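Novice: Mind having a look at this structure? Questions to follow.
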Amino acid sequence: MSYRVVSYITDKLDEPFLYFGRPDLAPDACKIADASAAGSEKDQIGTAFPDHEMTLDGITHINYGFVFLRNDGLYIRRPECLRYMSRICKEKGIKLLCSLQQWGGQKFDERSRSEALRRKNARMVREIVDEYELDGVDVDWEYPGLNLGKNEPIQDFKDEYYIQFMQALRDELPDKLLTIAHGCETRHWIHTDFAALHPLLDFINLMGYDFNWSFLGEAHHSNLYPGSCGKGSEAYSVDRAVKHYMSLGVPAEKIHIGVPYYGYVAGGGPEGFLRFDQIEALLRDDPRYARQFDEKAGQSYVTKDGAFEIAYDDERTLTLKCDYIKANGLGGLMNWTYNHDPLGQARQIVKKQLLEGSGTGGDR
Numbered sequence: 010m011s012y013r014v015v016s017y018i019t020d021k022l023d024e025p026f027l028y029f030g031r032p033d034l035a036p037d038a039c040k041i042a043d044a045s046a047a048g049s050e051k052d053q054i055g056t057a058f059p060d061h062e063m064t065l066d067g068i069t070h071i072n073y074g075f076v077f078l079r080n081d082g083l084y085i086r087r088p089e090c091l092r093y094m095s096r097i098c099k100e101k102g103i104k105l106l107c108s109l110q111q112w113g114g115q116k117f118d119e120r121s122r123s124e125a126l127r128r129k130n131a132r133m134v135r136e137i138v139d140e141y142e143l144d145g146v147d148v149d150w151e152y153p154g155l156n157l158g159k160n161e162p163i164q165d166f167k168d169e170y171y172i173q174f175m176q177a178l179r180d181e182l183p184d185k186l187l188t189i190a191h192g193c194e195t196r197h198w199i200h201t202d203f204a205a206l207h208p209l210l211d212f213i214n215l216m217g218y219d220f221n222w223s224f225l226g227e228a229h230h231s232n233l234y235p236g237s238c239g240k241g242s243e244a245y246s247v248d249r250a251v252k253h254y255m256s257l258g259v260p261a262e263k264i265h266i267g268v269p270y271y272g273y274v275a276g277g278g279p280e281g282f283l284r285f286d287q288i289e290a291l292l293r294d295d296p297r298y299a300r301q302f303d304e305k306a307g308q309s310y311v312t313k314d315g316a317f318e319i320a321y322d323d324e325r326t327l328t329l330k331c332d333y334i335k336a337n338g339l340g341g342l343m344n345w346t347y348n349h350d351p352l353g354q355a356r357q358i359v360k361k362q363l364l365e366g367s368g369t370g371g372d373r
């Protein structure tokens, strides 16, 4: 069986865009801030990690983040970077999707409430897919039925509007990939009829991270099975979510486990996180930090001076999740994000476990 490995790549305005070679194609956005002082062409075009060559090795699909729902239209923050990624992905045989996003979900909800708005939105999406020669669209509504900003249900939300919103996209993109990212908690799926939704989709990226939001860094946030060595609820787990989505009629081969390439630090809140390479460096260089493993939860974590300090997925956990994907016949793995694994350490673990010897991600 072949598996898919989906990686989100984001285009933050406050840092250079990732550079994957081909200086003749690279936009100015890939240039490092002090390029004027650099001595060679290689130095002038770089990334936030200019000393390391970025690769797309071990990835079958990229979700480019983001195409934003803004006012009455769609907004691409750095169109030159999306065009660059389209060219690079074509050269490397990687499927490229753009991810529609509006944090909180209100704009998605507004555009789903009438046939005219649904069709207008779908046509605008098709124009972007055609212009940038993309392979499809990923819809990051994530929590239909919830106003995430207010952490409360959307008033008068109707599930059929969501289904019709996705149907409009499928009608406009019959020959393209259509996927979604979706949450792993009960409140994330109770508003959606997945038996009606999944036939419209090629696959679903389950966001198997950011559990225990009130205790980030003080409890597991991406555990495979129920259990916690820190604070927070023991109920949340990837396994629980996967089994529930399958019970709703979603075929196993359409389900991707989402994994984080970052970890949360105790007391740091939602912004208190470290990249995969930064955590590994702490474990290597600072004796106060120690790697631990929760057998019940199937989850690694880090202690500092014996206390729970960082919640993250290390090689052992990533390998366990890849084994879980294979044992349960799932479609593959999604990661958030490539940007959090600049040295490719996590990516190579996943590549070894899922892609080597199993073929590629196939046509879809």
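The sequence shown: position 333 = 342 (my numbering), numbered continuously.
Here a beta-carbon is modelled for each residue, glycine too, at the ideal position from N, C-alpha and C.
Note that the coordinates shown come from a computational prediction; the quantities given were computed from them, not determined experimentally.
#1: Terminal residues of the continuous beta strand (DSSP E) containing Lys269?
#2: On the three-state DSSP scale, how would you describe Pro208?
#3: Where does the unbroken beta strand (DSSP E) through Thr19 begin, and where does it stop?
#4: Could you spell out where the beta strand (DSSP E) holding Leu233 opens and where it closes?
#5: According to the Cβ coordinates, are Asp322 and Gly258 closer than 9 Å?
#6: For Gly236 and Phe224, what's the separation of their Cα atoms in angstroms?
#7: Spatial neighbours of Tyr84 within its chain, please: CB distance less than 6 Å, with the 5 preceding and 5 following residues excluded, ordered by chain position.
#8: Please say whether Asn232 and Gln308 have beta carbons closer to each other than 9 Å?
#9: By alpha-carbon positions, which one of Tyr310, Tyr347, Asn72, Glu365 ends up nearest to Gly8?
#10: Assign Gly102 to buried or exposed, taking buried as 16 or more other Cβ atoms, counted over all protein chains shown, within 10 Å of its Cβ.
#11: Relative to the C-alpha of Gly113, which candidate in Trp345, Asp149, Gly145, Cys98 has its C-alpha closest?
#12: For Lys360, I'd like the list of residues in its chain whose CB is within less than 6 Å of its CB, leaving aside the five on either flank, ordered along the chain.
#13: Who are the near neighbours of Ala46 in its chain, counting only those whose CB is closer than 7 Å to its CB and skipping five residues on each side?
#14: Measuring straight from C-alpha to C-alpha, what distance separates Lys51 and Ala38?
#15: Sort Glu262, Ser123, Cys107, Asn80 by Cα distance to Asn337 and report the nearest one.
#16: Which first and last residues belong to the beta strand (DSSP E) in which Val311 is found?
#17: Measuring straight from C-alpha to C-alpha, what distance separates Lys104 and Gly145?
#18: Indicate the three-state DSSP secondary structure (helix, strand or coil) for Ile358 in the structure shown.
#19: With DSSP as the reference, identify every bridge partner of Pro36, one or two as the case may be.
#20: So who's on the other strand from Val274, going by DSSP bridges?
Specialist: To lay it out plainly:
#1: For the sequence presented, residue 269 should be read as Pro rather than Lys. 264-269 is the span of the beta strand (DSSP E), which, as asked, contains Pro269.
#2: helix
#3: 13-19
#4: Premise fails: Leu233 is in no beta strand (DSSP E) and is neither H nor E.
#5: no
#6: 14 Å
#7: Phe77
#8: yes
#9: One cannot answer for residue 8 here, as it falls past the ends of the chain, which runs 10 to 373.
#10: exposed
#11: Asp149
#12: Gly67
#13: Model confidence at Ala46 stands at a pLDDT of 38, short of 50, so the residue's coordinates are unreliable; what they give is reported in the following sentence. Once the five neighbours on either side are set aside, Ala46 has no close Cβ partner at all.
#14: Only weak support is given to the placement of Lys51: the predicted model assigns it a pLDDT of 36, under 50, and the question is left unresolved by the model.
#15: Glu262
#16: 308-313
#17: 8 Å
#18: helix
#19: Note: Pro36 sits in no beta bridge, so no partner.
#20: Ile319
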